[in-house]
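Following: one structure in structure tokens, then a few remarks.
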Amino acid sequence: MPLKTVMHIDLDAFFVSVEQVLNPALKGKPVVVGGSTDRRGVVATASYEARAFGVHSGMPMATALRLCPQAIFLTGNYHRYAEASRRFMGILADFSPFLEPMGLDEAFLEVTGFESLHKSIYEMAQKIRARVRAELGLAASIGIAPCKIVAKVASDEAKPDGLMQVLPGGEAAFLAPLAIRKLPGVGEKTEAILKGLGIKTIGILARMPETALKHRFGMYGETLHRHANGIDHSHVLPPAEAKSTSRETTFERDTRDMVFLSGMLRYLAEKVGADLRRYGRQTACVAIKVRFADFTTLTRQCTLANPTDADQYIFQTGDSLLKKTVQADKRAVRLIGIGVSIINEPGRQLPLLNGMEQRWEKLNRVIDKMRVKYGFSVIQSGQTLQLRKAYHSGSSDFTHPPLQIS
Ligand code: TTP
Ligand code: MG
Numbered sequence: 007m008p009l010k011t012v013m014h015i016d017l018d019a020f021f022v023s024v025e026q027v028l029n030p031a032l033k034g035k036p037v038v039v040g041g042s043t044d045r046r047g048v049v050a051t052a053s054y055e056a057r058a059f060g061v062h063s064g065m066p067m068a069t070a071l072r073l074c075p076q077a078i079f080l081t082g083n084y085h086r087y088a089e090a091s092r093r094f095m096g097i098l099a100d101f102s103p104f105l106e107p108m109g110l111d112e113a114f115l116e117v118t119g120f121e122s123l124h125k126s127i128y129e130m131a132q133k134i135r136a137r138v139r140a141e142l143g144l145a146a147s148i149g150i151a152p153c154k155i156v157a158k159v160a161s162d163e164a165k166p167d168g169l170m171q172v173l174p175g176g177e178a179a180f181l182a183p184l185a186i187r188k189l190p191g192v193g194e195k196t197e198a199i200l201k202g203l204g205i206k207t208i209g210i211l212a213r214m215p216e217t218a219l220k221h222r223f224g225m226y227g228e229t230l231h232r233h234a235n236g237i238d239h240s241h242v243l244p245p246a247e248a249k250s251t252s253r254e255t256t257f258e259r260d261t262r263d264m265v266f267l268s269g270m271l272r273y274l275a276e277k278v279g280a281d282l283r284r285y286g287r288q289t290a291c292v293a294i295k296v297r298f299a300d301f302t303t304l305t306r307q308c309t310l311a312n313p314t315d316a317d318q319y320i321f322q323t324g325d326s327l328l329k330k331t332v333q334a335d336k337r338a339v340r341l342i343g344i345g346v347s348i349i350n351e352p353g354r355q356l357p358l359l360n361g362m363e364q365r366w367e368k369l370n371r372v373i374d375k376m377r378v379k380y381g382f383s384v385i386q387s388g389q390t391l392q393l394r395k396a397y398h399s400g401s402s403d404f405t406h407p408p409l410q411i412s
């Protein structure tokens, strides 16, 4: 595999930092952006001064108020963040066309071979940080590594306002001492399982036999093993070049409960729909994947009459494929997934939309905004709500990390 160089750039305390640029009196103070403090709002982000008191993203605002009553609490303004994001991505695009935005404040940049233009990749990263600082007044932390996963961990380790480079060959040694939670994709649930197995650091995880991880986590075990060893072959994928996007999840227990399966499919379809809207793209082909208890895997796909980016349409199409597939079989289901092909032309032919689809479209855009502001689980459809019953952890993330099937 030829050597490549990838940067991961992530803005520090993004929402709060934008507020501080607009109102410099907030600089150096504990500031929290999130929902309301009296009702059920959660923290979207906290300044590093507020984090020192234990305030963090996802925490109820009421708890943040208790931990740090002197903090300044703001409800935030999505338009300002979207504008800052647009300008941030514009700066990055000046440095390399191989740009993959990940949400508003972070992106991967493939910079293989770019050292000749900037003396070194390290110098190039310093120039990016300087431009973001000069033009937006924001601190960008950057990780440089031979692959995406390690670059992402490195930018996190570089925070706040830092730069860290992991040289080829040093990936596993860099990751080894870090807590497993630092590995992207390891959420609450996986962390708890790994800790139960006595695995606390990425180094210990890396030395686990791959077969043991596969036995416990299925396909995701392979990915975990690779990532823990600092190996990630995935490409930096400019959104326009992604050919498909998908999500899948393996259940803790095999099931034939159709209500549960449909609820999960709805949740996965919403994630896929959100990808399309983030890329400004549509799909005309929906596919599902079903793996039964005996590991037999079936995929079924369906072409849509009209291109769409609506969760509802994607879900309905996937759900009827799912019902047909599961009901035609006696076996219990171990995994389900849903994916869509991506039409790589922005825009759409509006007259093709019927009234219902137009309403869905408006609704989905409002939901996307809320989710960027307060996290994906802030809004759930009736169908996904019942997933919480099955997942007692209280966590609202029911998937493994995104799986690109391009
Ligand atoms: P992050 O990059 O995860 O966090 P951050 O930029 O605030 O802080 P840092 O990178 O320095 O650790 O998220 C970017 C923005 O996304 C964040 O400013 C607010 C928003 N966000 C939420 O709305 N909910 C969340 O749960 C998280 C993690 C972020
Ligand atoms: Mg950030």
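The opening residue of the sequence shown carries number 7 in this note's numbering; numbering runs sequentially from there.
For each residue, glycine too, the CB sits at the ideal point set by N, CA and C.
Proximity test, residue i beta-carbon vs the ligand TTP heavy atom, cut-off 7 Å
i: GLY64; result: yes
i: LEU393; result: no
i: PHE21; result: yes
i: THR51; result: yes
i: PRO166; result: yes
i: ASP111; result: yes
Cβ neighbours of residue i in the same chain (closer than 7 Å, five flanking residues each side left out)
i: GLN307; result: CYS291, VAL292, ALA293
i: PRO357; result: Here PRO357 scores only 42 on pLDDT, less than 50, and its place in the model should not be relied on; the value that follows carries that caveat. Correct list: empty, nothing qualifies.
i: PHE120; result: SER102, ILE127, MET130
i: ILE6; result: Because the chain in this structure spans residues 7 to 412, residue 6 falls outside the shown range and cannot be described.
i: ASP167; result: ASP18, ALA145, SER147
i: THR217; result: none
i: PHE59; result: PRO36, LEU73, CYS74
i: PRO313; result: GLN288, THR289, ALA290, ILE349, ARG354
i: PRO174; result: LEU9, PRO152
Beta-carbon contacts of residue i that lie in its chain and below 6 Å, excluding the five residues immediately before and after
i: LEU219; result: GLY227, LEU230, HIS231
i: LEU181; result: ILE208, GLY236
i: TRP2; result: With the chain represented from 7 up to 412, any question about residue 2 goes unanswered, as that position is not in the structure.
i: PHE321; result: ARG272, ALA275
i: LEU17; result: ASP111, LEU144, ALA146
i: VAL117; result: THR11, MET13, SER102, ILE127
i: HIS62; result: none
i: ALA77; result: PRO36, VAL38, ALA56
i: LYS277; result: ARG253
i: SER23; result: LEU144
Pair within 8 Å by beta-carbon distance, residue i and residue j
i: ARG86; j: LEU28; result: yes
i: GLU25; j: VAL39; result: yes
i: ASP413; j: ILE155; result: What the structure shows of the chain is the stretch from 7 to 412, and residue 413 is not part of that stretch, so it cannot be assessed.
i: ALA19; j: THR51; result: yes
i: SER347; j: THR289; result: yes
i: ALA140; j: ALA151; result: no
i: LYS158; j: PRO183; result: no
i: THR256; j: GLY286; result: no
i: MET170; j: GLU177; result: no
i: PHE21; j: THR43; result: no
i: GLY324; j: ILE344; result: yes
i: THR251; j: ASP281; result: yes
i: LEU142; j: LEU115; result: no
i: GLY41; j: MET67; result: yes
Any non-hydrogen atom of the ligand MG within 7 Å of residue i CB
i: ASP18; result: yes
Residues of its chain near residue i, where Cβ-Cβ distance is below 8 Å and the 5 sequence neighbours each way are ignored
i: ALA338; result: ASP260, THR261, ARG262, PHE298, ALA299
i: LEU267; result: THR261, LEU328, VAL332, VAL339, ILE342
i: ARG283; result: ASP315, ASN370, ARG371, ASP374
i: VAL242; result: VAL12, PHE104, LEU105, GLU106, PHE114, LEU115, GLU116, LYS154
i: HIS221; result: GLY227
Inset, instruction - Say whether the segment 123-139 touches the segment 261-270, bearing in mind that this needs 3 or more beta-carbon pairs closer than 8 Å, one atom from each stretch. - result: Contact fails: fewer than three Cβ-Cβ distances are below 8 Å.
Inset, instruction - Report yes or no: do the segment 11-23 and the segment 65-72 share at least 3 C-beta pairs separated by less than 8 Å? - result: The segment 11-23 makes no contact with the segment 65-72; the number of CB pairs closer than 8 Å stays below 3.
Legend entry - Given 8 Å, three or more beta-carbon pairs between the segment 47-65 and the segment 20-38: Contact between the segment 47-65 and the segment 20-38 is present, with at least three C-beta pairs closer than 8 Å.
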